[in-house]
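J.: The opening residue of the sequence shown carries number 3 in our numbering; numbering runs sequentially from there.
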Amino acid sequence: MREDAELERLLRQLQRKTGQNLLIQTEDGQVLASTFSAKESFLRDAAEESVSIQELAERAKALSLDFTSGRYLLAVRAKDLAKGLIEEAAAAILEDDMEAEFCTRSACGDVLLILAVSSDPAAEESVRLLQSALETEAMTRVRIGISSRFTAAEHLRRAVREAETALLAIHTFSPICGTLAYRSLGISLAALQFPEEGAAAYLYSVLGDTPEAVLEDEELFRTAQALLENGLNSAETARQLYIHRNTLLYRLDKIQRLCGRDLRRFEDAAAFQLAAMIWKKRKAENYNGK
Numbered sequence: 003m004r005e006d007a008e009l010e011r012l013l014r015q016l017q018r019k020t021g022q023n024l025l026i027q028t029e030d031g032q033v034l035a036s037t038f039s040a041k042e043s044f045l046r047d048a049a050e051e052s053v054s055i056q057e058l059a060e061r062a063k064a065l066s067l068d069f070t071s072g073r074y075l076l077a078v079r080a081k082d083l084a085k086g087l088i089e090e091a092a093a094a095i096l097e098d099d100m101e102a103e104f105c106t107r108s109a110c111g112d113v114l115l116i117l118a119v120s121s122d123p124a125a126e127e128s129v130r131l132l133q134s135a136l137e138t139e140a141m142t143r144v145r146i147g148i149s150s151r152f153t154a155a156e157h158l159r160r161a162v163r164e165a166e167t168a169l170l171a172i173h174t175f176s177p178i179c180g181t182l183a184y185r186s187l188g189i190s191l192a193a194l195q196f197p198e199e200g201a202a203a204y205l206y207s208v209l210g211d212t213p214e215a216v217l218e219d220e221e222l223f224r225t226a227q228a229l230l231e232n233g234l235n236s237a238e239t240a241r242q243l244y245i246h247r248n249t250l251l252y253r254l255d256k257i258q259r260l261c262g263r264d265l266r267r268f269e270d271a272a273a274f275q276l277a278a279m280i281w282k283k284r285k286a287e288n289y290n291g292k
């Protein structure tokens with residue numbers, strides 16, 4: 003139709019000026035005009051969950067997209083970072099057996115990038131190199147969440163959620179971290195998914211009536227975190243903190259007096275770690291006005 007062609011022409015003009023892909027759609031989601039390629043639209047629809055799993059599979063087949071050799075999906079978050087720059091950096095950085103296949107920008111502003119993998123190399127190391135290159139080139143902070151490996155179009159929606167969850171974990175628990183893989187989330191995934199209605203009760207059951215006595219005491223909390231990161235190895239923790247072993251034991255005894263948890267015991271240490279992450283999550287949500 004002539005009207006559709008005119009809409010597309012105007013969108014192309016805006017695309018050249020802004021450097022961004024654009025689309026016009028009705029309230030019910032029908033696309034009237036778009037500058038997205040067929041592959042980009044496919045990925046965008048998967049991210050927004052606007053089509054069924056069956057339709058995703060059918061569209062992948064129509065586009066000759068074969069994921070059986072394995073793919074990773076990256077969610078890249080950076081302020082005002084052009085999608086084209088991410089594509090160029092990925093093409094330059096990634097190894098011979100891993101390439102940037104296609105990407106799009108999600109509704110929340112993250113760039114979603116699919117990596118084609120032929121021999122399942124050390125994907126996380128390649129992504130760390132990509133993140134570093136992007137920060138150097140764009141001079142802005144870049145964070146990347148990595149999905150687990152997937153082998154079918156039907157798994158793409160799950161991969162998008164995993165990569166976005168990894169980004170959320172960076173923001174909530176590891177703000178200095180540049181990249182994070184979903185498969186590495188561990189106990190932080192449990193903290194992210196812990197129901198809000200039970201969070202306060204869990205905190206008090208694990209840490210007593212005043213959880214802030216330990217969690218907001220910088221020295222005690224740093225000591226607890228170091229012990230957890232070192233697998234409850236007291237000697238290594240004391241060495242890392244540059245303190246005498248007796249000083250470490252004094253601090254651990256103080257934590258036990260304040261909250262009733264002996265972090266030298268695995269069960270108490272695991273409960274404390276989950277409680278500390280739930281505490282961080284709630285503080286981050288309060289900070290963002292949620």
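Using N, Cα and C, we set each Cβ at its ideal position, and we do this for glycine too. Predicted model only: the values in this text are computed from it and were never measured.
1) Our contact map puts E156 next to L65 with C-beta atoms below 8 Å; I'd like the distance itself, whole angstroms only.
2) Enumerate in chain order the residues of its own chain whose CB-to-CB distance from S149 is below 7 Å, with the five nearest sequence positions on each side excluded.
3) Go to Y74, then tell me how far its beta strand (DSSP E) extends in each direction, as first and last residue.
4) Return the residue from the list L96, L187, T142 and E221 that minimises the CA-CA distance to R130.
5) Would you identify the three-state DSSP class for L34, choosing helix, strand or coil?
6) May I have the straight-line CA-CA distance separating L170 from A192, to the nearest angstrom?
7) Cutting at 6 Å between CB atoms, please list the residues of its own chain near T225, excluding the five before and the five after it.
8) Residue ranges of each beta strand (DSSP E) run of no fewer than 3 residues wholly in the stretch 129 to 206, ordered along the chain?
9) Report the residue from G111, K282, Q242 and D112 whose alpha carbon sits nearest the alpha carbon of E198.
10) What do you reckon, are the CB atoms on A135 and L83 nearer than 7 Å?
11) Using the rule of at least 16 other Cβ atoms within 10 Å of the residue's Cβ for burial, across every protein chain shown, is L67 buried or exposed?
12) So, using beta-carbon positions, are A228 and T212 closer together than 7 Å?
13) Does the Cβ of R247 have 16 or more other Cβ atoms within 10 Å, making it buried, or fewer, making it exposed?
14) Candidates Q275, L158 and L217: which alpha carbon is nearest E60's?
15) Using 8 Å for Cβ pairs, my map puts G200 next to I172. What's the rounded Cβ distance?
16) Taking only the alpha-carbon atoms, compute the straight-line gap between V144 and A80 and give it to the nearest angstrom.
17) From A35 to L115, what does the alpha carbon distance come to, in whole angstroms?
T.: From the atom records:
1) Not confirmed; about 15 Å, so no contact.
2) Y74, L75, A161, E164, A165 and Y184
3) R73 to A80
4) L96
5) Its pLDDT being 48, under 50, L34 is placed unreliably in this model, and the value from its coordinates should be taken loosely. Taken through DSSP and simplified to helix, strand or coil, L34 comes out as strand.
6) 13 Å
7) R253.
8) 144 to 148 and 181 to 183
9) K282
10) no
11) buried
12) no
13) exposed
14) L158
15) Their Cβ separation, rounded to whole angstroms, is 24 Å, which puts G200 and I172 out of contact at 8 Å.
16) So the alpha carbons of these two residues sit roughly 5 Å apart.
17) The predicted position of A35 is uncertain, since its pLDDT is 49 and thus under 50; no value can be drawn from it.
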